[in-house]
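To convert, take the position in the sequence shown, counting from 1, and add 289; that gives our numbering.
Don't be surprised by glycine CBs; every beta carbon is placed ideally from N, CA and C.
Since we're looking at a predicted model, the values are computed, not measured.
Here the structure comes first, spelled out in structure tokens, and everything after it is commentary.
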Amino acid sequence: MEDFHHISVLPDEVLAGLAPHAGGIYLDGTLGGAGHAGLILSACGPDGILIGFDRDADALAVARKRLAPFGDRARLVQRNFAEAAATLAELGIDRIDGFVLDLGVSSYQLDTGERGFSFQVDAPLDMRMDRSDGPSAADLVNTLSEAELFRIISEYGEERWAKRVAAFIVAARDKEPILTTFQLVDVIKGAIPKAKWEERLHPATRTFQGLRIAVNDELGSLERGLNDLLGFLKKGGRGAVISFHSLEDRIVKNSFRAAASGCSCPKELPVCVCGRVPQFKVQSGKPQRAGDQELAENPRSRSAKLRVIEKII
Numbered sequence: 290m291e292d293f294h295h296i297s298v299l300p301d302e303v304l305a306g307l308a309p310h311a312g313g314i315y316l317d318g319t320l321g322g323a324g325h326a327g328l329i330l331s332a333c334g335p336d337g338i339l340i341g342f343d344r345d346a347d348a349l350a351v352a353r354k355r356l357a358p359f360g361d362r363a364r365l366v367q368r369n370f371a372e373a374a375a376t377l378a379e380l381g382i383d384r385i386d387g388f389v390l391d392l393g394v395s396s397y398q399l400d401t402g403e404r405g406f407s408f409q410v411d412a413p414l415d416m417r418m419d420r421s422d423g424p425s426a427a428d429l430v431n432t433l434s435e436a437e438l439f440r441i442i443s444e445y446g447e448e449r450w451a452k453r454v455a456a457f458i459v460a461a462r463d464k465e466p467i468l469t470t471f472q473l474v475d476v477i478k479g480a481i482p483k484a485k486w487e488e489r490l491h492p493a494t495r496t497f498q499g500l501r502i503a504v505n506d507e508l509g510s511l512e513r514g515l516n517d518l519l520g521f522l523k524k525g526g527r528g529a530v531i532s533f534h535s536l537e538d539r540i541v542k543n544s545f546r547a548a549a550s551g552c553s554c555p556k557e558l559p560v561c562v563c564g565r566v567p568q569f570k571v572q573s574g575k576p577q578r579a580g581d582q583e584l585a586e587n588p589r590s591r592s593a594k595l596r597v598i599e600k601i602i
């Protein structure tokens, strides 16, 4: 854990989007290696505060160490950011100046084979961001119905071979439990015809993504947490969200669009009767992407998309 390697994605863009100021109160809902958190704390000094969330105890321990120089300006909790509303209330905070969410699995989690996130290392099939909470990927793989496995792999993994993968999983587990990453990889490789394997994508990528999202309720957490966090922003406060696949980005885009919309009257009405005015403004229509230099230094930033929203009322 001491060698926790982390490169923050789109750091300059996040800082520019949030525009932290002295004395502000900010929230990092996905601490990870604390890269974004450190930048924000530096920018909002000398008395700005950052509330940091992470579900992963290992990540939180590293974040505490790295943010120790900021003293009690960094207030860290082991929780899902979907619980932000309750946590902020406990801390006596009713408004924040900004928040950042860096979604998905961290480089540390992928690189730590024993966590079961990676299909490149043989390890227990876990995938839980919080290893003390809820069923593991192995639990899902060995207990869910074929129909439910198909739904998860198809909907969350966007795997076009989901039906065959689900059927092969059920057939394999009838012989022996699927308890390791390599056991599952072998099943997936058998389910997807080799001639259909994509050149630059491991055949297990989408199935592992789907299971990870299901294990951690990532999309449900995003919908709940994002709506709550938008409600906590002060006038002029900003939210920055980095997503890594289309399912996440769609939720962020639609949530931001709904928050920034004005009149909600039916189009056939000649005049507005709802009186609703936009409370938020989306900074740009298209998400920001990593530049050539960042891509060269951190290839994992290739799929990152940053969207920023500001509360204007």
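Can you tell me whether DSSP reads residue i as helix, strand or coil?
| i | result |
| --- | --- |
| Asp475 | helix |
| Asp386 | strand |
| Ile467 | coil |
| Lys575 | coil |
| Val595 | In the sequence on display, residue 595 carries Leu and not Val. Of the three classes helix, strand and coil, the one that applies to Leu595 here is strand, per DSSP. |
| Phe457 | helix |
| Phe497 | helix |
| Ile601 | coil |
| Leu320 | coil |
| Ile314 | strand |
| Lys556 | coil |
| Phe439 | helix |
| Phe569 | strand |
| Asn391 | The residue you asked about is not Asn; residue 391 is Asp in the sequence shown. Correct three-state label for Asp391: strand. |
| Met290 | In this prediction, Met290 has a pLDDT of 47, which is less than 50 and means its spatial position is unreliable; what the coordinates show is noted afterwards. DSSP places Met290 in coil when its eight states are reduced to three. |
| Ser590 | helix |
Where do the ends of the alpha helix (DSSP H) carrying residue i lie?
| i | result |
| --- | --- |
| Val530 | Taken as a continuous stretch (DSSP letters only), Val530 belongs to no alpha helix (DSSP H), being part of the beta strand (DSSP E) at 522-532. |
| Asp581 | 581-586 |
| Leu307 | 300-307 |
| Ile481 | Premise fails: Ile481 is in no alpha helix (DSSP H) and is neither H nor E. |
| Arg546 | 535-548 |
| Ala427 | 426-432 |
Among the options, which one has its Cα closest to the Cα of residue i?
| i | options | result |
| --- | --- | --- |
| Gln472 | Asp415, Arg368, Ala363, Gly313 | Asp415 |
| Ile314 | Leu299, Asp361, Leu511, Gly324 | Asp361 |
| His534 | Pro576, Phe457, Arg513, Ala371 | Pro576 |
| Gly324 | Val410, Thr469, Ser297, Val303 | Ser297 |
| Trp486 | Arg539, Thr469, Arg449 | Arg449 |
| Arg511 | Phe439, Arg591, Val389, Thr469 | For the sequence presented, residue 511 should be read as Leu rather than Arg. The shortest Cα separation from Leu511 among Phe439, Arg591, Val389, Thr469 belongs to Val389. |
| His491 | Ala529, Phe370, Gly446 | Gly446 |
| Ala332 | Pro300, Gly520, Ala585, Glu599 | Pro300 |
| Ala525 | Arg344, Leu515, Ser421, Asp386 | According to the sequence as given, residue 525 is Gly; it is not Ala. Here the closest residue by C-alpha is Asp386. |
| Val597 | Leu380, Arg527, Arg355 | Arg527 |
| Pro335 | Asp391, Arg353, Asp345, Gly312 | Gly312 |
| Arg420 | Leu508, Lys464, Arg501 | Arg501 |
| Gly405 | Asp391, Asp383, Asp428 | Asp428 |
| Ile338 | Ala348, Gly321, Leu377 | Leu377 |
| Gly601 | Glu557, Lys523, Ser407, Val394 | Note that residue 601 corresponds to Ile in the displayed sequence, not to Gly. Comparing Cα-Cα distances from Ile601 to each of Glu557, Lys523, Ser407, Val394, the minimum goes to Lys523. |
| Ser395 | Met418, Leu316, Ala412 | Met418 |
| Ser434 | Phe545, Asp463, Phe408 | Asp463 |
| Asp422 | Asn516, Val504, Gly509, Val303 | Val504 |
| Asn543 | Asn516, Cys563, Glu379, Gln582 | Asn516 |
| Leu356 | Leu330, Glu379, Asp347, Gly381 | Leu330 |
| Gly321 | Pro358, Val366, Glu302 | Val366 |
| Phe359 | Arg591, Ala460, Ala326 | Ala326 |
| Glu379 | Asp391, Leu392, Arg364, Gly393 | Arg364 |
Would you list, in sequence order, the uninterrupted beta strand (DSSP E) runs of no fewer than 3 residues that lie entirely inside the stretch 326-379?
Under the rule that a run must span 3 or more residues, the beta strand (DSSP E) segments found entirely inside the stretch 326-379 read 338-342, 363-366.
For the stretch 443-460 against the stretch 476-496, do three or more pairs of beta-carbon atoms, one drawn from each stretch, fall closer than 8 Å, so that the two count as touching?
Taking a cut-off of 8 Å for Cβ pairs, the stretch 443-460 and the stretch 476-496 touch, as three or more such pairs fall below it.
With three or more beta-carbon pairs closer than 8 Å as the criterion, would you say the stretch 298-307 touches the stretch 535-551?
The answer is no - the stretch 535-551 does not touch the stretch 298-307, with fewer than three Cβ pairs under 8 Å.
Would the stretch 564-574 count as touching the stretch 544-555 if we require 3 or more Cβ pairs under 8 Å?
Contact between the stretch 564-574 and the stretch 544-555 is present, because at least three Cβ pairs lie under 8 Å.
Is the stretch 355-370 touching the stretch 337-344, taking contact as three or more C-beta pairs under 8 Å?
Judged by Cβ distances under 8 Å, the stretch 355-370 makes contact with the stretch 337-344, as three or more pairs qualify.
Do three or more CB pairs link the stretch 459-470 to the stretch 428-438 at distances below 8 Å?
Counting Cβ pairs under 8 Å, three or more are found: they touch.
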